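**Student:** In this note's numbering, the protein residues as written are 11 to 185.
All C-beta atoms, glycine included, are put in the ideal place defined by N, C-alpha and C.
The structure presented is a predicted model; accordingly, all values stated were derived computationally and were not measured.
Structure incoming, see below.
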C-alpha cells in the first residue's frame, strides 16, 4: 500500500452456511475513494476486482500429504520452526525455535513436550515473581512501544544479527 491508502477487510463469522470463511473488503485512497475491491475465502483464494473478471492475487498451496501427522498445518507452517545449522549461531537464545517442548512435540514425544512445557511455565512464573518482588517491569530487548501504543522494532535485533553478538549478551534462562 502507498501513502494515504488504507485497507479494510471483513471476515464472515457465520458458521454452518455457504458464506463461512468468506472475506471481502476494499482499498481506499487518501480521499476515501475505493481503488480496489477484494474478496474470497481466507483458506482458499483471494481475488482483486469485481466478478467475473477479478484477478486471483493469492491461492493457498495444497496441503501436505501427511498433514494429519502435523496438526493440519500447511507446508509453510510446518517449516516455520525449522532450525538449520547455518542459522543457529545468528539467533538469540530467546528464539522460539530453541524451545525444547516444541521440538519434542514435533518429534511426536507428547509426554516429554508436556513436561518441558510445565518446566518452562514454572521458569516464567519465577521470573515474573522476581520482577514483582523488586517492583520492576520487563523491558523488551528488540521492541519499543510506538506513539500509537503498538510495538515496533527498535532495530537492535538486526544489528546484533549482522555481527553475531548474542553470545556476548545476557539473557534470562527461558528454556
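What are the uninterrupted segments assigned as alpha helix (DSSP H) that are 4 or more residues long and contained completely in the stretch 105-132, given in chain order?
**Tutor:** 110-116
**Student:** Note the first and the last residue of the continuous alpha helix (DSSP H) segment covering residue 161.
**Tutor:** Taken as a continuous stretch (DSSP letters only), residue 161 belongs to no alpha helix (DSSP H), being part of the beta strand (DSSP E) at 161-163.
**Student:** Can you give the Cα-Cα distance for residue 75 and residue 149, rounded to whole angstroms?
**Tutor:** 43 Å
**Student:** So which of 119, 100, 184 has the shortest CA-CA distance to residue 175?
**Tutor:** Taking only the C-alpha atoms, the option nearest residue 175 is 100.
**Student:** Only counting the same chain, and skipping five residues up and downstream in sequence, which positions put a Cβ closer than 6 Å to that of residue 103?
**Tutor:** So the list reads 181, once near-sequence residues are dropped.
**Student:** What first and last residue would you give for the beta strand (DSSP E) that runs through residue 57?
**Tutor:** 55-58
**Student:** Alpha carbon to alpha carbon, how far is residue 54 from residue 34?
**Tutor:** 13 Å
**Student:** I need the straight-line Cα distance from residue 151 to residue 63, nearest angstrom please.
**Tutor:** 48 Å
**Student:** Under the three-state reduction of DSSP, which class applies to residue 69: helix, strand or coil?
**Tutor:** Here DSSP, grouped into helix, strand and coil, assigns residue 69 to strand.
**Student:** Straight-line CA distance for residue 120 to residue 107?
**Tutor:** 17 Å
**Student:** If distances are taken between C-alpha atoms only, which option among 124, 45, 138 comes closest to residue 59?
**Tutor:** 45
**Student:** Looking only at its own chain, which residues have a Cβ that is under 8 Å from the Cβ of residue 153, when we skip the five neighbours before and after it?
**Tutor:** 161, 162, 163, 164
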